[in-house]
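Asks: The opening position of the sequence shown corresponds to residue 611 in this note's numbering, with each subsequent residue numbered one higher.
Glycine included, C-beta positions come from ideal geometry on N, C-alpha and C.
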Amino acid sequence: MRKILRSKYIFDGENSPFKGYIAFEGDTIKEIEKDWSYQHLVDEHTNVLEYDDYFIMPGIHDNHVFFSGYLSMHAGIDLTEANSELEALEQIEAALEQAEDVPIYAYGWSPQAFGTLPTEESLNQLHYDGPITAIAKDRSYCWMNQQAKQRYGFDETETSAESRFRLIKEMLANEDLLQTVYQKFEQLLLSRGVVSIKEIVFDDAEFLKKINTRKLATHFYIQSVERPISTTLVEQYKAEDFPVKVAFGGVKIMVDGVVADETGDITGEYASGKKGPEIDYQFIANEVDKWNQKGIPCCLTTEGDRAGLKAAKMLSHFGKRLPKDVWNSISDLEMITQEMTQEMVEGRVVAEIYPQILGLNPSYQEAYMPEIIAGAEGAFFNYQLLRSADIQVTSGTDLPLFITNLPESIMRACFRRFPKGQETWQYEKGLSVLELLQSFTKNGFLVNGEERYGVLQPGKSATFAIFDRDLTQGDYEEVAAAETIMTYIDGSVVYEKVLP
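1) Could you tell me the alpha carbon to alpha carbon distance between Gly874 and Lys934, rounded to whole angstroms?
2) Between the beta-carbon of Glu591 and the beta-carbon of Asp871, is there less than 7 Å?
3) Is the distance from the Cβ of Glu1045 to the Cβ of Gly1006 below 7 Å?
4) Enumerate in chain order the residues of its own chain whose CB-to-CB distance from Ala1023 is below 6 Å, with the five nearest sequence positions on each side excluded.
5) Measuring alpha carbon to alpha carbon, tell me which of Asn896, Glu730, Ile876 and Glu897 ends up nearest Pro887.
6) Out of Ala977, Ile807 and His655, point me to the one whose CA is closest to Ala827's CA.
7) Determine whether the beta carbon atoms of Ile810 and Tyr831 lie at a separation below 7 Å.
8) Per DSSP, which residues does Tyr619 bridge with? Please list them.
9) Between His684 and chain C, is there a C-beta pair that is closer than 7 Å?
10) Would you mind reading off the limits of the alpha helix (DSSP H) that contains Tyr1086?
11) Smallest Cα separation from Leu1009: which of His671, Leu788 and Gly1059?
12) From the DSSP output, in three-state form, read off Ala692 for me.
13) To the nearest angstrom, how far is it from the Cα of Lys919 to the Cα of Leu777?
14) Give me whichever residues DSSP pairs with Lys808 in a beta bridge.
15) By Cβ distance, which residues of its chain are closer than 8 Å to Ser732, with the 5 residues on each side in sequence left out?
16) Within 10 angstroms of its Cβ, does Arg931 collect 16 or more other Cβ (buried), or is it exposed?
17) Going straight from the alpha carbon of Gly679 to that of Pro980, what length do you get?
18) Rounded to whole angstroms, what's the CA-CA distance from Pro668 to Leu659? Just pull it up for me.
19) With 16 as the cutoff for other CB atoms within 10 Å, does Ser973 come out buried or exposed?
20) With a threshold of 8 Å on Cβ separation, who are the neighbours of Arg837 within its own chain once the five nearest residues in sequence on each side are excluded?
21) Return the bridge partner residues of Trp719 from the DSSP annotation.
22) Measuring alpha carbon to alpha carbon, tell me which residue in Ser770, Lys613, Asn938 and Asp622 is nearest Asp653.
23) May I ask which residues mark the beginning and end of the alpha helix (DSSP H) holding His927?
24) Quick check: what's the CA-CA separation for Thr841 versus Lys825?
25) With DSSP as the reference, label Trp901 as helix, strand or coil.
26) How many Å lie between Phe817 and Gln975 at the Cα?
27) Kindly list the residues whose CB is nearer than 8 Å to the CB of Leu681, restricted to its own chain and excluding five residues on each side of it in sequence; keep chain order.
28) For Gly1084, count neighbouring Cβ atoms within 10 angstroms of its own Cβ and tell me buried if that reaches 16, exposed if not.
29) In chain order, what are the residue ranges of uninterrupted alpha helix (DSSP H) at least 4 long that sit wholly in the segment 968 to 1009?
30) Less than 7 Å between the beta carbons of Ile940 and Leu910, yes or no?
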């Protein structure tokens, strides 16, 4: 059966949207034209789908995802309806009646709804011999009993995935939990038009082999958390045949901390007088050298401008050893400077931005950027420097920090709007909508070696994300309201919104 999608708004992964049609059979695009002259293709074996006012584009690649982080935020007892510590305790206590010293996980409670933070004592008073953990919806606090603190080795406010790695590894080893939460995770991303991800794994990728069925393509990068990354393991992964749709990508290295918390490595000092952290850059350089010599790319995560420049220099220097179609990258890139981008251009270093990141600031008045470093606000989210240097820009979410949302990404990275208020953040330093769309499609697939995806051309995969309106229009309120209508992978519908 041949299918024809027609629309007034087709984005092919490279060019401005156009009125046209896409004809495909099975999993492959046969024709794509900038008009509606498809009558020569229509016969009894053809289905014409008139998506005239919908926006058709290649399926989306999210270039920075932690499924393990999502798992830790959606495992166990759902406390989203609990309005107080007492209500949450009642739900947890009910679950204990069917448990025998096994770990109890919970998630979704709101510090705002509770009014005050719940206490270790209240969980201890349940007299349960096993560990109990309950992560807040905003990931600001993990409510735990004494057994959990002893077992996992972190306290209530140490909520990064890296801090909770022992807990997360325990969850990943629970195969029933893994299968259940992965299917929810995958369906969520498919409902956002996402068909492919770059997954960050801690220390090893064994859990990826245990997921029975998957639709999302997954390229994984290994990050050292509990132990140094094993050269033998990486070489094994590089050569290994993983399950269908899973492939080894490279190595991820954390460089600095969070600028908003004054733990990012910056030039000079913070407005408070505090300096950036001490970082062993020689160790990081040695790691990049080691992996690049083996043809393995490195993704370095930086926030501060000094960290970003150091990362760009070492990736540029050692990256010359990489094959032509393999790229080092810098992720996060909260602060961007011209010197940094010059180094990135020299070394073909890919930029991996988080376009929804501006949304962490509720409004312009509540934004930390103008105050945290005196006179440095121009460096924050300065995507114009990446654009003018012609650096390959890809987009990710750092999920679960954000869930992939293309309309929101346009709002933050292109319109440069905050969740509240009418003020914008340095509008002229944002991306164009076309550049952002390319970062989620052509660029993301290209740097991960997936040449059959990311662009709509004859011979390429019939993989599409379809939205209910034009995403390139100038009305930001209309763009913000856009929804995914349908997602195709290799010619098959894998998500379809139920319309009223």
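Replies: Walking through what the data contain:
1) 32 Å
2) Here the chain covers residues 611 to 1110 and nothing more, so residue 591 does not appear.
3) no
4) Pro965, Gly1040, Leu1041 and Leu1046
5) Ile876
6) Ile807
7) yes
8) Phe665
9) Chain labels in this structure do not include chain C; a single protein chain is all it has.
10) Tyr1086 to Ala1090
11) His671
12) coil
13) Checking the sequence shown, residue 919 turns out to be Leu, not Lys. Looking at the two C-alpha atoms, the distance is approximately 34 Å.
14) His829
15) Glu695 and Leu699
16) exposed
17) 30 Å
18) 17 Å
19) exposed
20) Asp813
21) Ala746
22) Lys613
23) Asp915 to Phe928
24) 30 Å
25) helix
26) 43 Å
27) Ile778, Met781, Leu782, Leu787, Leu788, Val791, Tyr792 and Phe795
28) exposed
29) 979 to 982 and 993 to 998
30) yes
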